[in-house]
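Notes to accompany the following structure.
Numbering (this note's numbering), first residue to last: 9 to 106.
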């Protein structure tokens with residue numbers, strides 16, 4: 009039993025309870041594909057300001073990702089904020105130009 013709610017449900021329902029499944033657990037998974045997918049939402053807006061964005065790498069263990077970004081600094085700051093909001097485990101977003 010990992011969650012406190014499981015103990016409460018087990019106490020109430022006992023043998024009728026087969027298990028408790030946590031939903032939405034993969035929301036914060038740090039992978040290149042997950043971050044790239046989230047950036048797909050932002051790409052058209054970034055492009056309108058002359059920006060280009062591409063995921064170079066992700067380190068799930070350290071909570072970091074490297075993004076190739078060319079464009080206005082204010083948009084880069086928005087990208088960083090959007091990624092950290094979507095992926096709470098993301099501690100650092102580094103930008104590179106090449």
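Using N, Cα and C, we set each Cβ at its ideal position, and we do this for glycine too.
Counting only the same chain and skipping the five closest in sequence on each side, list residues whose C-beta sits under 7 Å from that of residue i.
{"i": "residue 98", "result": "38, 71, 73, 91, 92"}
{"i": "residue 83", "result": "54, 57, 59"}
{"i": "residue 64", "result": "74, 75, 76, 104"}
To which residues does DSSP link residue i through a beta bridge?
{"i": "residue 95", "result": "The partner list for residue 95 (beta bridge, DSSP) is empty, contrary to what the question assumes."}
{"i": "residue 102", "result": "74"}
{"i": "residue 18", "result": "Paired residue(s): none; residue 18 is not in a bridge."}
Ignore the nearest five residues each way along the sequence and tell me which others in residue i's own chain have a CB closer than 8 Å to its CB.
{"i": "residue 105", "result": "76, 77, 78"}
In angstroms, rounded to a whole number, what distance separates the CA positions of residue i and residue j?
{"i": "residue 44", "j": "residue 20", "result": "43 Å"}
{"i": "residue 22", "j": "residue 94", "result": "36 Å"}
{"i": "residue 49", "j": "residue 85", "result": "16 Å"}
{"i": "residue 10", "j": "residue 96", "result": "For residue 10, the pLDDT reaches just 48, beneath the cut-off of 50, and the residue's location in the model is therefore unreliable, although a value from the coordinates is still provided. Cα to Cα, the separation comes out at about 20 Å."}
{"i": "residue 61", "j": "residue 80", "result": "11 Å"}
{"i": "residue 51", "j": "residue 15", "result": "44 Å"}
Which whole-angstrom value is the C-beta distance of residue i and residue j, which I expect to be below 8 Å?
{"i": "residue 66", "j": "residue 40", "result": "5 Å"}
Using a Cβ-Cβ cutoff of less than 6 Å, which residues in the same chain neighbour residue i once the five nearest sequence positions on both sides are dropped?
{"i": "residue 47", "result": "61"}
{"i": "residue 88", "result": "101"}
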